[in-house]
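Undergrad: I have a structure I would like to understand better, so I am pasting it below and will then ask my questions one at a time.
There are 2 protein chains.
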Amino acid sequence: MKVVKFGGSSLADGVQLTKVLNIIKADPDRKIVVVSAPGKRFATDQKITDLLIKLAGQVRIGSDYQQTLAVVKERYDAIIQQLSLGTKAVELIDRNFAQLLHSEYASFSEQLDAFKASGEDNNAQLVALFFEQSGLPAKYISPKEAGLYVTDEPGHAQILSETYDNLARLKDTSKCIIFPGFFGVTKNGKKVTFARGGSDITGAVLANGVHADLYENFTDVDAIYAADPRYVTKPQQIQHLTYREMRELSYSGFSVFHHEAIRPAIMANIPIEVKNTNNPTAPGTLITKEKPLDANDVTGVAASHGFESIYISKYLMNDEVGFGSTALEVMAQRGISVEHMPTGIDEMSLVVKEKQINDSQEEELLAELKERLQADDVHRQTNLTLIMVVGEKMATTIGTAAKAMTALANEGIGIRLFNQSSSGISIMFALEEKDEKKAIQALYETFFNEKK
Amino acid sequence: MKVVKFGGSSLADGVQLTKVLNIIKADPDRKIVVVSAPGKRFATDQKITDLLIKLAGQVRIGSDYQQTLAVVKERYDAIIQQLSLGTKAVELIDRNFAQLLHSEYASFSEQLDAFKASGEDNNAQLVALFFEQSGLPAKYISPKEAGLYVTDEPGHAQILSETYDNLARLKDTSKCIIFPGFFGVTKNGKKVTFARGGSDITGAVLANGVHADLYENFTDVDAIYAADPRYVTKPQQIQHLTYREMRELSYSGFSVFHHEAIRPAIMANIPIEVKNTNNPTAPGTLITKEKPLDANDVTGVAASHGFESIYISKYLMNDEVGFGSTALEVMAQRGISVEHMPTGIDEMSLVVKEKQINDSQEEELLAELKERLQADDVHRQTNLTLIMVVGEKMATTIGTAAKAMTALANEGIGIRLFNQSSSGISIMFALEEKDEKKAIQALYETFFNEKK
Numbered sequence: 006m007k008v009v010k011f012g013g014s015s016l017a018d019g020v021q022l023t024k025v026l027n028i029i030k031a032d033p034d035r036k037i038v039v040v041s042a043p044g045k046r047f048a049t050d051q052k053i054t055d056l057l058i059k060l061a062g063q064v065r066i067g068s069d070y071q072q073t074l075a076v077v078k079e080r081y082d083a084i085i086q087q088l089s090l091g092t093k094a095v096e097l098i099d100r101n102f103a104q105l106l107h108s109e110y111a112s113f114s115e116q117l118d119a120f121k122a123s124g125e126d127n128n129a130q131l132v133a134l135f136f137e138q139s140g141l142p143a144k145y146i147s148p149k150e151a152g153l154y155v156t157d158e159p160g161h162a163q164i165l166s167e168t169y170d171n172l173a174r175l176k177d178t179s180k181c182i183i184f185p186g187f188f189g190v191t192k193n194g195k196k197v198t199f200a201r202g203g204s205d206i207t208g209a210v211l212a213n214g215v216h217a218d219l220y221e222n223f224t225d226v227d228a229i230y231a232a233d234p235r236y237v238t239k240p241q242q243i244q245h246l247t248y249r250e251m252r253e254l255s256y257s258g259f260s261v262f263h264h265e266a267i268r269p270a271i272m273a274n275i276p277i278e279v280k281n282t283n284n285p286t287a288p289g290t291l292i293t294k295e296k297p298l299d300a301n302d303v304t305g306v307a308a309s310h311g312f313e314s315i316y317i318s319k320y321l322m323n324d325e326v327g328f329g330s331t332a333l334e335v336m337a338q339r340g341i342s343v344e345h346m347p348t349g350i351d352e353m354s355l356v357v358k359e360k361q362i363n364d365s366q367e368e369e370l371l372a373e374l375k376e377r378l379q380a381d382d383v384h385r386q387t388n389l390t391l392i393m394v395v396g397e398k399m400a401t402t403i404g405t406a407a408k409a410m411t412a413l414a415n416e417g418i419g420i421r422l423f424n425q426s427s428s429g430i431s432i433m434f435a436l437e438e439k440d441e442k443k444a445i446q447a448l449y450e451t452f453f454n455e456k457k
Numbered sequence: 006m007k008v009v010k011f012g013g014s015s016l017a018d019g020v021q022l023t024k025v026l027n028i029i030k031a032d033p034d035r036k037i038v039v040v041s042a043p044g045k046r047f048a049t050d051q052k053i054t055d056l057l058i059k060l061a062g063q064v065r066i067g068s069d070y071q072q073t074l075a076v077v078k079e080r081y082d083a084i085i086q087q088l089s090l091g092t093k094a095v096e097l098i099d100r101n102f103a104q105l106l107h108s109e110y111a112s113f114s115e116q117l118d119a120f121k122a123s124g125e126d127n128n129a130q131l132v133a134l135f136f137e138q139s140g141l142p143a144k145y146i147s148p149k150e151a152g153l154y155v156t157d158e159p160g161h162a163q164i165l166s167e168t169y170d171n172l173a174r175l176k177d178t179s180k181c182i183i184f185p186g187f188f189g190v191t192k193n194g195k196k197v198t199f200a201r202g203g204s205d206i207t208g209a210v211l212a213n214g215v216h217a218d219l220y221e222n223f224t225d226v227d228a229i230y231a232a233d234p235r236y237v238t239k240p241q242q243i244q245h246l247t248y249r250e251m252r253e254l255s256y257s258g259f260s261v262f263h264h265e266a267i268r269p270a271i272m273a274n275i276p277i278e279v280k281n282t283n284n285p286t287a288p289g290t291l292i293t294k295e296k297p298l299d300a301n302d303v304t305g306v307a308a309s310h311g312f313e314s315i316y317i318s319k320y321l322m323n324d325e326v327g328f329g330s331t332a333l334e335v336m337a338q339r340g341i342s343v344e345h346m347p348t349g350i351d352e353m354s355l356v357v358k359e360k361q362i363n364d365s366q367e368e369e370l371l372a373e374l375k376e377r378l379q380a381d382d383v384h385r386q387t388n389l390t391l392i393m394v395v396g397e398k399m400a401t402t403i404g405t406a407a408k409a410m411t412a413l414a415n416e417g418i419g420i421r422l423f424n425q426s427s428s429g430i431s432i433m434f435a436l437e438e439k440d441e442k443k444a445i446q447a448l449y450e451t452f453f454n455e456k457k
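Going down the list, the protein sequences come from chains F and H.
The first sequence begins at 6 in the numbering used here and counts up by one.
The second sequence begins at 6 in the numbering used here and counts up by one.
Next comes the structure, spelled out in structure tokens:
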């Protein structure tokens, strides 16, 4: 059994939904379909979810919301017309909105989550109608019916542990289940949405619950690439990634989903496949716990900017027990996550995401570090990019780091910091942001083009 | 004015003391001489300090100490005879020992420190006699007379801040001052010894107090070498080091003095010169805060073994605020100093000196880390060597790290961890201990031999 999730662009209109139908028809193992709300049809189009947020606000403050409501409904009406779903579909959507608009909500956050959730919920119901009408036995199931229970944290719902047992019951379905992504329900029946990557979470939770053989994640790219396509022309597609590799690469920003979203699938060791709704026969990228050794030492290179480094030096620091602990404690007390902490003998650097520290806090933070640590010098270096070179095979290969550094040196790129941890599957370099593109190009050339 | 310190091997017998006299005579700026106790004359010889520790123990428990006392006195008698210092010198030593043996001590640690301090104290008095007799106006000054005040921490005396002002008065001396190293006195007049590098500390404190133009440290090597002479045949001598470079190299174990010992001189920005008593016209190594740019990118390479790495991994660790802080707190609570902490996305390694953790504690420590951090995996990798590649010029040169890594890769040496901090003047590699010698040789070849 496969759990299949489609992103918003895969469900934006009737043309896309027809592709989805054909994908499900092509493989009878695709028994659970998780749908997002209709996404953008063209670059300047509005996402349904954004419109629903606007609508909720207008309803809350009592201003005229009719025009916004009309725009949302038109999106569904367009799909209904394109797919000839008929008046019962129009009536269904009307009924759902009437109920949404006239329900009582204890708070705005409760109301907002209900409005946001309706984007996926209506879409799932339309998809079920469409599949049935097309001769594919299908059934809409709501999170409430399935028992997808979550905590009452609007916008940040956490899965309750009993959910997995509840979802296991879906395993025996004969019909194709159409399930709305992005939200669950509290034990009191309130709809509460997830954080980032919401529909990916729903898919991963379902895959875990039914012990799926595969979690297919359909989006609008053929695969995960070995380098950012904005920097490298036609980069290689990665055919097989391990969870660890994906995590290291997704950290650097060009991944197709947020790593935390697919945690439930990873925890159950379920293979994940990234595929393209618009090109479903392309091989895609398979992500598993382990994989056979690649031909290439390096699986991918990635960059993430917006970092800064806080440099701390103190003579004889290295002999002080608890120095690093105190430094990290200061950061943790301010809720600042430290990404890396490269150390010299009497110095250390704390690498953090720049946006975690606003400029007014910055001086105070530096002063506190200097005071608490009795440091000789504390200063920051901003506008850093972290470059990741990632590959399972690197752990058992000698010379990859040397090659990477030589590639950067040959381009005249200075390395501010670097770091490799024990598992050896990745190396991190910190560079100035202005060198990011050049660095990715040089590394890609070295590890992917020179061998051919 | 120069403060000049001589190590034990420079003062082991009359021949050595004559060299010391000539060195002082050769430069009238050498006004303050800090002397150690007589060191070994040959490989299997005993150090006076070790004999004095034995003597103190025997006296304390009331066993027969006459033979030990005789051996110690013979060492002084030999010097007195070789230098023809005459009966007044013999009487001086006799009187000092009689007083040492028959004083009242409140504790054994007080007694032990008094006995240990007598090694330097007697030697300084003999050196003063010898200089005077040789026509060089000289004067023995005790820590008590000079006001070199310390805390009452036997074996770990800390300098009291008023000491520096007291010592400043020695600046106006016309005679050459002979000062015993290794100890100071409490405000109550108790002699208390320093920790490791004791006589180096005395010299550094004096250099600071009198604002010396130079602190000369005479020992038995011509200079500090660019690599360990046990691994590299006739390595280059380093002519000029910065304090920072020295610190990074001394950490790796082939330095001539313990870095903490010379801290008082560094704090006052006093140049330090390492010279050879047996070859005083050799250029030596000058150590200053800053230096002109070297021709070479790398100043020295060094290795230090006996390290282990504790590897910790946890999925999504990187998103947790306070993870590293908790890990370091566990270590600090056990009094374990963490040397380096290289990090991957969801993993970190804590690099520590192996001897800090005994095997019985090890399992408990790993279990505590796993428990406190809720980590997926915690394990250790032992028998690691840390290799340091050090050079001020590296901070402004691109490609040094690449060269170093290529040199290691070409020898088939796997790098377990690596790390470079912001100042950029050093790179650390962790390797298996079995590769230590080969790594130093390969790095030395690359950075020192290939260019010639």
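Think of the CB as a built atom: it goes at the ideal place given N, C-alpha and C, for glycine as much as any other residue.
1. Just to make sure I have the definition right: I need the residues of chain H whose C-beta is within less than 7 Å of the C-beta of Val343/F. Which are they?
2. Output yes or no for whether 8 Å exceeds the beta carbon distance between Lys78/F and Ile98/F.
3. Check distances from the C-beta atoms of the region 384-412 of chain F to those of chain H and list, in chain order, the residues that come in under 7 Å.
4. List the residues that DSSP assigns as beta-bridge partners of Arg377/H.
5. According to the neighbour-count rule (16 or more other Cβ atoms, all chains shown, within 10 Å of its Cβ), is Ala48/F buried or exposed?
6. Terminal residues of the continuous alpha helix (DSSP H) containing Asp126/F?
7. Using a C-beta to C-beta distance shorter than 9 Å, which residues of chain F count as neighbours of Arg35/H?
8. List, in order along the chain, the chain F residues whose C-beta lies closer than 9 Å to that of Phe102/H?
9. If Val356/H and Ala435/H are in contact, beta carbons under 8 Å, what's the gap, nearest whole angstrom?
10. Could you give the uninterrupted runs of the alpha helix (DSSP H) lying entirely in the region 327-382 of chain H, keeping only those of 4 residues or more?
11. For the candidate residues Ser41/F, Ala151/F, Thr23/F, Glu313/F, whose alpha-carbon lies nearest to that of Arg385/F?
12. Taking 8 Å as the cut-off, does the region 107-124 of chain F touch the region 137-144 of chain F (at least 3 CB pairs, one atom from each stretch)?
13. Between which two residues does the beta strand (DSSP E) holding Met318/H run?
14. Does Arg174/F get closer than 8 Å to chain H when you measure Cβ to Cβ?
15. With DSSP as the reference, label Val197/F as helix, strand or coil.
16. Give me, in chain order, the residues of the same chain whose beta-carbon lies closer than 6 Å to that of Gly152/H; leave out the 5 immediate sequence neighbours on both sides.
17. With a CB to CB cut of under 8 Å and the five nearest residues on each side skipped, what residues in its chain are close to Ala173/H?
18. Anything in the region 341-368 of chain F with a Cβ closer than 8 Å to a Cβ of chain H? List those residues in chain order, please.
19. Determine the DSSP secondary structure at Phe452/H, reduced to helix, strand or coil.
20. Take every Cβ of the region 25-40 of chain H, pair it with every Cβ of the region 179-186 of chain H, and state whether three or more of those distances are shorter than 8 Å.
21. Tell me where the beta strand (DSSP E) around Ala435/H begins and ends.
22. Which residues in the same chain have their Cβ closer than 7 Å to the Cβ of Asn127/F, if we skip the five residues on either side of it in sequence?
23. Taking the straight line between their C-alpha atoms, what separation do you get for Asp177/F and Pro240/F?
24. At 9 Å on the CB atoms, spell out the chain F contacts of Phe423/H, in chain order.
25. Suppose the cutoff is 8 Å on Cβ atoms and the five residues either side in sequence are ignored; what does the same chain contact list for Asp381/H look like?
26. With DSSP as the reference, label Met393/H as helix, strand or coil.
27. Fully enclosed by the region 10-94 of chain F, which beta strand (DSSP E) runs are 3 residues long or longer?
28. Looking at the C-beta of Ser166/F, does it have a partner C-beta in chain H at a distance below 8 Å?
29. Is the shortest distance between the beta-carbon of Lys457/F and the beta-carbons of chain H less than 8 Å?
30. Where does Ala412/F fall in DSSP's three states?
31. Mind checking whether Val9/H and Phe262/H have CB atoms under 8 Å apart?
32. For Ala75/F, count neighbouring Cβ atoms within 10 angstroms of its own Cβ and tell me buried if that reaches 16, exposed if not.
33. Is there a C-beta anywhere in chain H that falls below 8 Å from the one on Asn213/F?
34. Give the C-beta separation of Ala212/H and Ala270/H to the nearest angstrom, bearing in mind that I take them to be a contact with Cβ-Cβ under 8 Å.
35. Taking only three categories from DSSP, how would you classify Arg421/F?
36. Going by DSSP, name the residue or residues bridged to Phe184/H.
TA: In short, the structure shows the following:
1. Gly329, listed in chain order.
2. Lys78/F places its beta carbon less than 8 Å from that of Ile98/F.
3. Within the region 384-412 of chain F, Gln386, Ile403, Gly404, Ala406, Ala407, Met410, Thr411 place their CB atoms closer than 7 Å to a CB of chain H, listed in sequence order.
4. Paired residues: none, contrary to the question.
5. Here Ala48/F is exposed, its C-beta having fewer than 16 other C-beta atoms within 10 Å.
6. Its alpha helix (DSSP H) spans residues 113-138.
7. Correct list: empty, because the minimum Cβ distance to chain F is about 27 Å.
8. Neighbours of Phe102/H on chain F: none; closest Cβ ~37 Å, over 9 Å.
9. About 6 Å; that satisfies the 8 Å criterion.
10. Qualifying alpha helix (DSSP H) stretches, in chain order: 328-338, 364-378.
11. Comparing Cα-Cα distances from Arg385/F to each of Ser41/F, Ala151/F, Thr23/F, Glu313/F, the minimum goes to Glu313/F.
12. Counting Cβ pairs under 8 Å, fewer than three are found: no touch.
13. The sequence shown places Ser at residue 318/H, not Met. Under the DSSP assignment, Ser318/H falls in the beta strand (DSSP E) whose first and last residues are 305-318.
14. Taking Cβ atoms only, chain H never reaches closer than 8 Å to Arg174/F, which makes this a no.
15. In the three-state reduction of the DSSP assignment, Val197/F falls in the strand class, which pools E and B.
16. Result list for Gly152/H: Asn171, in chain order.
17. Apart from sequence neighbours up to five positions away, the residues of its chain that approach Ala173/H with a beta-carbon distance below 8 Å are Gly214, Val215, His216, ordered along the chain.
18. Contacts with chain H (Cβ-Cβ distance below 8 Å) from the region 341-368 of chain F involve Ile341, Ser342, Val343, Glu344, His345, Met346, Pro347, Thr348, Gly349, Ile350, Asp351, Glu352, Met353, Ser354, listed in chain order.
19. Note: Phe452/H maps to helix in three-state DSSP.
20. Here the region 25-40 of chain H lies against the region 179-186 of chain H, with 3 or more beta-carbon pairs under 8 Å apart.
21. Unbroken beta strand (DSSP E) run through Ala435/H: 431-437.
22. Contacts found: Tyr81, Ile98, Asn101.
23. If I take the Cα positions, the gap works out to 41 Å.
24. By Cβ distance, chain F contributes Ala406, Phe423, Asn424, Gln425, Ile432.
25. So the list reads Ser318, Lys319, Tyr320, once near-sequence residues are dropped.
26. In the structure shown, Met393/H adopts extended strand secondary structure according to DSSP, grouped into three states.
27. Taking only runs of at least 3 residues, the beta strand (DSSP E) segments lying wholly in the region 10-94 of chain F are 35-40.
28. It does not; no Cβ of chain H falls within 8 Å.
29. Low local confidence applies: a pLDDT of 44 at Lys457/F is under 50, so the model's placement there is unreliable, and no value is given.
30. Helix.
31. Contact annotation: Val9/H and Phe262/H have beta-carbon atoms that are not nearer than 8 Å.
32. With fewer than 16 Cβ atoms within 10 Å of its Cβ, Ala75/F is classed as exposed.
33. Chain H contact via Cβ: absent.
34. 5 Å between Cβ atoms; contact.
35. Reduced to three states, the DSSP call for Arg421/F is coil.
36. According to DSSP, which records beta bridges pairwise, Phe184/H is partnered with Val39/H.
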